[in-house]
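Chain order of the listed sequences is A and B.
full-length UniProt numbering numbers the first residue of the first sequence as 1 and each following residue consecutively.
full-length UniProt numbering numbers the first residue of the second sequence as 1 and each following residue consecutively.
Virtual Cβ for every residue (Gly too), placed ideally from N, Cα, C.
Computed from a predicted model, the values in this text were never measured in an experiment.
Encoded as structure tokens, the structure appears first; notes follow it.
There are 2 protein chains.
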Amino acid sequence: MAGPASERREHLVRLAAELFARKGFQATTVREIALEAGILSGSLYHHFDSKETIVDEVLRTFLDDLITRYRAVLERGGDPHSVLAEMVRIGFGTLEPHRAAITVMQNDWNYLRSLPGDRFDYLLRAEDEVERMWVEQIRAGQAAGQFRADVDPKLTYRMIRDTIWVTVRWFRPGGRLDTDSLADHFVKLLFDGLATGERASRPS
Amino acid sequence: MAGPASERREHLVRLAAELFARKGFQATTVREIALEAGILSGSLYHHFDSKETIVDEVLRTFLDDLITRYRAVLERGGDPHSVLAEMVRIGFGTLEPHRAAITVMQNDWNYLRSLPGDRFDYLLRAEDEVERMWVEQIRAGQAAGQFRADVDPKLTYRMIRDTIWVTVRWFRPGGRLDTDSLADHFVKLLFDGLATGERASRPS
DNA sequence: GTCTATATGAGGATAGAC
DNA sequence: GTCTATCCTCATATAGAC
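Structure, rendered in structure tokens:
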């Protein structure tokens with residue numbers, strides 16, 4: 001049975017997500033997932049059709065939550081500078097609750113997209129929708145004079161996006177920096193830049 | 001035999017790198033690599049001990065080149081602002097010649113590091129050396145007053161690094177943007193920021 | 001819902017002929 | 001340097017008992 005949500009099922013998905021994140025989707029065997037859950041591999045197939053179904057659920061859960069949060073911010077409205085800052089914070093904010101899913105998405109995106117069939121086409125669709133939301137805000141900010149006009153909105157979005165997500169590579173909850181600090185740091189850098197205005201001069 | 005460089009061998013490594021980049025290391029079979037080279041899988045083992053040896057060579061070639069380039073810039077010296085900009089350009093500049101290797105490094109890093117043995121420990125060592133080079137320049141720039149003092153050097157470095165490398169996900173040679181444009185765009189954003197100074201005001 | 005048992009296939013790697 | 005042939009292992013997935 002590959003039915004809808006149940007607590008048991010969600011628990012199994014979480015366990016699997018951790019393993020996928022740690023070793024990669026392909027390197028994780030259904031035996032390992034089952035072992036982690038304290039059952040045998042055959043029993044997993046009572047809950048899921050296939051290993052792909054599991055990773056599918058991992059990714060959809062994350063993307064649904066992410067897009068819901070973005071939409072909420074956009075509906076509240078506000079000037080582009082504030083909205084964009086808020087979107088950055090949302091991105092970093094998902095790092096903790098969805099760390100495993102984001103890792104899988106980063107590492108196994110190419111592989112999942114290379115599988116035959118259209119099962120993972122929604123990854124592209126979600127990516128497009130999110131891109132539209134960001135790029136729209138960047139353009140609005142440029143039109144309002146809040147953002148410099150000489151940057152490429154799409155390219156800028158991609159750099160922002162990548163910087164946020166790729167953080168899962170080294171971010172560890174409970175470490176030196178929490179996700180709020182990361183977001184603050186990045187917002188500062190993104191909006192105001194690294195330079196002070198001093199150029200090629202020695203300190204006094 | 002898993003001997004040193006030969007043209008044949010290097011050619012095979014390049015073919016394999018492309019496949020690894022496209023489908024991931026694990027999802028690429030030795031049979032596919034051999035097929036691509038126009039030979040049979042058994043024959044590959046005349047050139048390499050194992051599949052791991054091949055990916056090892058892919059990554060070492062890239063890292064050797066990268067570190068050599070960084071060292072050259074650092075030896076030339078200069079003020080931190082210029083040196084950092086140059087390092088950014090080097091990073092983006094490797095995107096084209098080493099696209100496949102960088103992709104593999106991004107996607108399969110976790111998996112390769114999770115393998116038993118110390119075979120891929122040099123990945124960590126290389127990462128550390130590169131991090132030291134960057135962080136040193138950022139600190140120097142702060143000391144010289146060229147860079148703002150209220151950013152974390154290590155965190156800033158990581159964001160820069162990630163932004164550069166992760167570009168391989170969507171960068172395609174011959175597309176709308178070449179690597180020089182990417183570098184210019186990023187340098188602009190990194191040093192001067194996205195904001196204009198106008199805040200929360202409507203355009204006239 | 002989990003177990004036992006197993007079908008089925010694929011992948012990495014090897015041995016030895018040519 | 002490549003081919004043929006094959007070993008061995010391990011993976012996903014299934015069938016049916018409990």
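Chain A contact residues for residue i, given Cβ-Cβ distances below 8 Å
i, result
"B/S6", "Chain A residues near B/S6: none, gap ~30 Å exceeds 8 Å."
8 Å Cβ cutoff, residue i in contact with chain A
i, result
"B/Q137", "no"
"B/M105", "no"
"B/K188", "yes"
"B/H98", "no"
"B/W134", "no"
"B/H11", "no"
"B/F92", "no"
"B/L15", "no"
"B/P203", "Because the pLDDT at B/P203 is just 39, under 50, the model does not fix this residue reliably, and the value given afterwards should be weighed accordingly. Taking Cβ atoms only, chain A reaches closer than 8 Å to B/P203, which makes this a yes."
"residue 210 of chain B", "Residue 210 of chain B cannot be examined here, being either before or after the span of chain B that is shown, 1 to 204."
"B/G193", "yes"
"B/L177", "yes"
"B/E18", "no"
Minimum Cβ-Cβ distance from residue i to chain B less than 8 Å
i, result
"A/R158", "yes"
"A/E198", "yes"
"A/G174", "no"
"A/V151", "yes"
"A/A126", "no"
"A/V58", "no"
"A/F147", "yes"
"A/H81", "yes"
"A/Y70", "no"
Which residues DSSP lists as bridging residue i, in chain order
i, result
"A/A195", "B/F147"
Where residue i meets chain B, residues with beta-carbon distance less than 9 Å
i, result
"A/S114", "R22, K23, G24 and A27"
Inter-residue CB distance, residue i and residue j (contact presumed, cutoff 8 Å)
i, j, result
"B/T163", "B/F186", "7 Å"
"A/K51", "B/Y111", "Rounded, the Cβ-Cβ distance is 16 Å, inconsistent with contact."
"B/D108", "B/F48", "Actually they do not touch by this definition, with Cβ atoms about 17 Å apart."
"A/L63", "A/M133", "A/L63 to A/M133, Cβ: 13 Å. No contact."
"A/L95", "A/T179", "5 Å"
"B/F20", "B/A126", "Incorrect: roughly 18 Å between the Cβ atoms, too far for contact."
"B/W165", "B/I102", "6 Å"
"B/G117", "B/P80", "Not a contact, Cβ separation roughly 39 Å."
"B/I39", "B/A16", "The Cβ separation is near 12 Å, so there is no contact."
Interface residues of chain B facing residue i [CB-CB closer than 7 Å]
i, result
"A/F62", "The premise fails here: A/F62 is roughly 18 Å from chain B at the closest Cβ pair, so nothing lies under 7 Å."
"A/V166", "D162 and V166"
"A/H185", "V151, D152 and L155"
"A/R111", "Inspection of the sequence shows that residue 111 of chain A is occupied by Tyr rather than by Arg. K23, G24 and A27, listed in chain order."
Distance cut-off 7 Å: residue i Cβ against heavy atoms of the ligand GTP
i, result
"A/V135", "Ligands are entirely absent from the displayed structure, and the ligand GTP is therefore not among its contents."
4 or more residues per run - each alpha helix (DSSP H) lying fully within the stretch 100–165 of chain B = 121–143 and 153–165
Every unbroken beta strand (DSSP E) inside the stretch 10–66 of chain A [3 residues or more] = none
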